[in-house]
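**Q** Numbering (my numbering), first residue to last: 22 to 423.
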C-alpha cells in the first residue's frame, strides 16, 4: 500500500500520532504476549520506513522501560515527557526533509492514567512554547502529533500559528477528515492499524502553508486496511513470527505447574454448563449451533495456531465468556489464564451458557425459565466490539446463531 502511494505521488511522509502498542491505558493486566506483540508492531513500522511515532498514553502501559527499549530506526518523540530532573526522555522533535522543505515534527502526549515516579508530564502550553521557540526559525512547516483531547487540540490550533498540521490520536474520535482551525489543519484516523490516512498536496506543500489554506490545496482519504488489500510478504512473515511467539508463551503457561492461590472460583460455576446439558431438550437447536460460527469458535483458533492466545481465548470458549458477561471478577489473572488453557473439549466453543446466562441452573431445575436470561446486546458486545467486529448487527446476528 505504501509502496503504491509512493509510486503514485512521490515522496511520502509516514507519521503516527501514538496509542499504537497497547489497546488500554493500564486498564487491564498486561500479559507477556502483549509486550511481544508491541515489539513486533514497532519492527513492522521500521520495515515500513516510518519517519516518527508519537508516544501516546497507551504506549506507556507496560512502563517507560518497555518503550525506551524499542529504539531503532523510527524515533519515538514526545515534547512533554521529562525526567524528575527536567530532562527529555524522548526526542522532543525531529526534523525531516520533505519536498525540499524542512519539516519539524513535534509531539504532545496525553497524561496516562497512572504516571510512575520515573517521569513527569509537562503542561502542554509550556512544552509547546519551549519547543516551537527552538525550532520554528529553522523550519518551513511544523506538524504536531497529539494524543490530547479534541478541545485542547483546538486551543493549540488557535493559539500556535507556527503549527500547520495537527494529526491526533484520540481513541474516542475514530476517523476525522481534515478541518481548518485557525492556521492549522487537523485530522485523525482510527487507531491501531484499522485505517491509513492519506493527505496529498496536488499543488505542493507550500500551498498548504499559505495563509489562505483552501480545501483545493490538499486531498484526503482514509483507507480501511482490510485483509483483501495487496499484502506485503515481509509484513506477513513478521505477523506469523509474532503469532508463533505468542503460541510458545501460551504453551509454556499451559504445561507449567499451577501455583495455588486464594482466588474464589465458586461464584459462577453452578450456572456454567456444557452444550451437552441442553441437547436432550433442544436437539435441533444444538445441531444448528454446531455448524454456526459460535459452534466452531475455538476451532478457528486451532486452524490459525492461536488456541494458546490468551487475548483471543476468552471470546472463543464458553467458561470465560460467561464470566466476562456476568461480571465475575473474583479470579486472579493467573488462575483465569490457567483455566482458559485447560478447559474441557465440551467448553471449547461459544455455547449455550456463553450467550444465555443461567442456562445451567435452568437445566438443573427442570427447565424453569426463572433462571434463564435472554440474550442481550450488552452481553454480545463484550466480545463483538467495534474494534473487532465493526459491522456487528445484533438483531441480524442473533438469528444466525442457531
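In this text, a Cβ means the ideal position worked out from N, Cα and C, and glycines have one as well.
Could you name the residues of the same chain whose beta carbon sits closer than 7 Å to that of residue 342, not counting the 5 residues immediately before and after it, in chain order?
**A** As a first step, residue 342 is located in the chain shown; it is residue number 321 there, counting from the start. With a pLDDT of only 42 at residue 342, under 50, the local geometry of the prediction cannot be trusted, and no value is derived from it.
**Q** Helix, strand or coil for residue 318 per DSSP?
**A** The residue given as residue 318 occupies position 297 in the chain shown. Residue state, collapsed to three classes: helix.
**Q** Extract the residue ranges of the beta strand (DSSP E) inside the region 50 to 138, only unbroken runs of 3 or more that lie entirely within it.
**A** Entirely contained in the region 50 to 138, the beta strand (DSSP E) runs reaching 3 residues are, in chain order, 73 to 75, 114 to 119, 122 to 129.
**Q** Looking at residue 114 and residue 129, is the spacing between their C-beta atoms short of 9 Å?
**A** Taking the first residue of the chain shown as 1, we reach residue 129 at position 108. Taking the first residue of the chain shown as 1, we reach residue 114 at position 93. No. Outside cutoff.
**Q** Where does residue 93 land, buried or exposed, given buried means 16+ other C-beta within 10 angstroms?
**A** For the purposes of this step, residue 93 is taken as residue 72 along the chain shown, with counting starting at 1. Answer is exposed; the Cβ neighbour count stays below 16.
**Q** Taking the straight line between their C-alpha atoms, what separation do you get for residue 139 and residue 421?
**A** Within the chain shown, the letter at position 118 stands for residue 139. Within the chain shown, the letter at position 400 stands for residue 421. Taking the straight line from one Cα to the other gives about 52 Å.
**Q** Taking the beta strand (DSSP E) that residue 167 belongs to, which residues open and close that run?
**A** Reading the chain shown from its first residue, position 146 is the one you call residue 167. From DSSP, the beta strand (DSSP E) with residue 167 extends over 162 to 167.
**Q** For residue 166, is the classification buried or exposed, using 16 other Cβ atoms within 10 angstroms of its Cβ as the cut-off for buried?
**A** Start at 1 with the first residue of the chain shown, and residue 166 comes out as number 145. So residue 166 counts as buried.
**Q** What's the gap between the Cα of residue 350 and the Cα of residue 378?
**A** Looking up residue 350 in the chain shown gives position 329. Looking up residue 378 in the chain shown gives position 357. For residue 350, the pLDDT reaches just 41, beneath the cut-off of 50, and the residue's location in the model is therefore unreliable, although a value from the coordinates is still provided. Approximately 16 Å, taken between the alpha carbons.
**Q** Measuring only the C-alpha atoms, how far is residue 163 from residue 104?
**A** Residue 163 sits at position 142 when you count from the first residue of the chain shown. Residue 104 sits at position 83 when you count from the first residue of the chain shown. Cα-Cα distance, rounded: 25 Å.
**Q** Residue 40 to residue 79, Cα distance in whole Å?
**A** Within the chain shown, the letter at position 19 stands for residue 40. Within the chain shown, the letter at position 58 stands for residue 79. Between residue 40 and residue 79, the C-alpha separation is close to 5 Å.
**Q** At what residues does the beta strand (DSSP E) containing residue 207 begin and finish?
**A** To locate residue 207, count along the chain shown from 1; it is residue 186. Looking at the DSSP string, the run of the beta strand (DSSP E) that includes residue 207 is 205 to 209.
**Q** Under a Cβ-count criterion, where at least 16 other Cβ atoms within 10 Å of its own Cβ denotes burial, should residue 302 be classed as buried or exposed?
**A** Stepping through the chain shown from its first residue, residue 302 is reached at position 281. Classification for residue 302: exposed.
**Q** What does a CB cutoff of less than 6 Å around residue 66 pick up in its chain, not counting 5 residues either side in sequence?
**A** Start at 1 with the first residue of the chain shown, and residue 66 comes out as number 45. Closer than 6 Å at the Cβ level, and outside the excluded window around residue 66, lie 95.
**Q** Have a look at 83, 208, 169 and flag the residue whose alpha-carbon is nearest the alpha-carbon of residue 186.
**A** Residue numbering aside, residue 186 sits at position 165 when the chain shown is read from its first letter. Considering only alpha carbons, the answer is 208.
**Q** In or out: residue 298 buried (at least 16 other Cβ within 10 Å) or exposed?
**A** To locate residue 298, count along the chain shown from 1; it is residue 277. Classification of residue 298: buried, given that the 10 Å Cβ count is 16 or more.
**Q** What does DSSP give as the partner residue(s) for residue 200 in the beta ladder?
**A** Here residue 200 refers to the residue found at position 179 of the chain shown. For residue 200, which the question treats as bridged, DSSP gives the partners 207.
**Q** Can you tell me which of 99, 159, 154, 396 puts its alpha carbon nearest to the alpha carbon of residue 142?
**A** Position 121 of the chain shown, counting from 1, holds the residue named residue 142. Ranking 99, 159, 154, 396 by Cα distance to residue 142 puts 99 first.
**Q** Starting from residue 189, follow the beta strand (DSSP E) in both directions and report where the run begins and ends.
**A** On the chain shown, residue 189 is found 168 positions in, with the first residue counted as 1. Taken as a continuous stretch (DSSP letters only), the beta strand (DSSP E) holding residue 189 covers 184 to 189.
**Q** Which residues in the same chain as residue 419 place their Cβ atom closer than 7 Å to its Cβ, once the five residues preceding and following it in sequence are excluded?
**A** Start at 1 with the first residue of the chain shown, and residue 419 comes out as number 398. Same-chain partners within the cutoff: 396.
**Q** Do the CB positions of residue 359 and residue 268 come within less than 9 Å of each other?
**A** Taking the first residue of the chain shown as 1, we reach residue 359 at position 338. Taking the first residue of the chain shown as 1, we reach residue 268 at position 247. Against a cut-off of 9 Å, the Cβ pair of residue 268 and residue 359 comes out as no contact.
**Q** In terms of alpha-carbon separation, which member of 310, 102, 400, 196 lies closest to residue 133?
**A** In the chain shown, residue 133 corresponds to position 112, counting from 1. Taking only the C-alpha atoms, the option nearest residue 133 is 102.
**Q** Keeping to the same chain, check which residues put their C-beta closer than 6 Å to that of residue 383; ignore five residues upstream and five downstream.
**A** Residue 383 sits at position 362 when you count from the first residue of the chain shown. Closer than 6 Å at Cβ, skipping near neighbours: 392, 393.
**Q** If residue 76 and residue 111 are in contact, beta carbons under 8 Å, what's the gap, nearest whole angstrom?
**A** Here residue 76 refers to the residue found at position 55 of the chain shown. Here residue 111 refers to the residue found at position 90 of the chain shown. With 8 Å as the limit, residue 76 and residue 111 qualify as a contact, their Cβ atoms being about 6 Å apart.
**Q** To the nearest angstrom, how far is the alpha carbon of residue 254 from that of residue 261?
**A** Here residue 254 is taken as the residue at index 233 of the chain shown, counted from 1. Here residue 261 is taken as the residue at index 240 of the chain shown, counted from 1. If you take the alpha carbons of residue 254 and residue 261, they lie about 10 Å apart.
**Q** Here's the rule I'm using: 16 or more other beta-carbon atoms within 10 Å means buried, otherwise exposed. How should residue 346 be labelled?
**A** In the chain shown, residue 346 corresponds to position 325, counting from 1. With a pLDDT of 40 at residue 346, under the threshold of 50, the modelled position of this residue cannot be trusted; read the value that follows with caution. Buried, because 16 or more other Cβ atoms sit within 10 Å of the Cβ of residue 346.
**Q** Please go through the region 372 to 416 and give each complete alpha helix (DSSP H) segment of 4 or more residues, from N-terminal end onward.
**A** Listed in chain order, the complete alpha helix (DSSP H) runs (minimum 4 residues) inside the region 372 to 416 are 373 to 376, 380 to 385, 398 to 401.
**Q** Tell me where the alpha helix (DSSP H) around residue 276 begins and ends.
**A** Here residue 276 refers to the residue found at position 255 when the chain shown is read from its first residue. Counting along the chain, the alpha helix (DSSP H) containing residue 276 begins and ends at 254 to 276.
**Q** Can you give me the start and stop residues for the alpha helix (DSSP H) that residue 152 sits inside?
**A** Counting from one through the chain shown, the residue named residue 152 turns up at place 131. Where residue 152 is concerned, the enclosing alpha helix (DSSP H) stretches over 145 to 156.
**Q** Can you tell me the Cβ-Cβ gap for residue 57 and residue 263, rounded? I've got them flagged as a contact below 8 Å.
**A** Here residue 57 refers to the residue found at position 36 when the chain shown is read from its first residue. Here residue 263 refers to the residue found at position 242 when the chain shown is read from its first residue. 6 Å between Cβ atoms; contact.
**Q** Rounded to whole angstroms, what is the Cα-Cα separation between residue 332 and residue 107?
**A** In the chain shown, residue 332 corresponds to position 311, counting from 1. In the chain shown, residue 107 corresponds to position 86, counting from 1. Going by the C-alpha atoms only, they are around 38 Å apart.
**Q** Do residue 295 and residue 385 have their beta-carbon atoms positioned less than 9 Å apart in this structure?
**A** As a first step, residue 385 must be located in the chain shown, where it is residue number 364. As a first step, residue 295 must be located in the chain shown, where it is residue number 274. No, they are not a contact pair.
**Q** For residue 32, list the residues DSSP reports as bridge partners.
**A** Taking the first residue of the chain shown as position 1, residue 32 is located at position 11. Paired residues: none, contrary to the question.
**Q** Exposed or buried, residue 180, counting other C-beta atoms within 10 Å across all chains shown (16 or more means buried)?
**A** By 1-based counting over the chain shown, the position of residue 180 is 159. With fewer than 16 Cβ atoms within 10 Å of its Cβ, residue 180 is classed as exposed.
**Q** Measuring alpha carbon to alpha carbon, tell me which residue in 271, 408, 300 is nearest residue 329.
**A** By one-based count along the chain shown, residue 329 stands at place 308. It is 271.
**Q** Please report the straight-line C-alpha distance between residue 284 and residue 276, rounded to a whole angstrom.
**A** Start at 1 with the first residue of the chain shown, and residue 284 comes out as number 263. Start at 1 with the first residue of the chain shown, and residue 276 comes out as number 255. A caution first: residue 284 carries a pLDDT of 45, below 50, which makes its placement in the model unreliable, though a value can still be read off. Taking the straight line from one Cα to the other gives about 20 Å.
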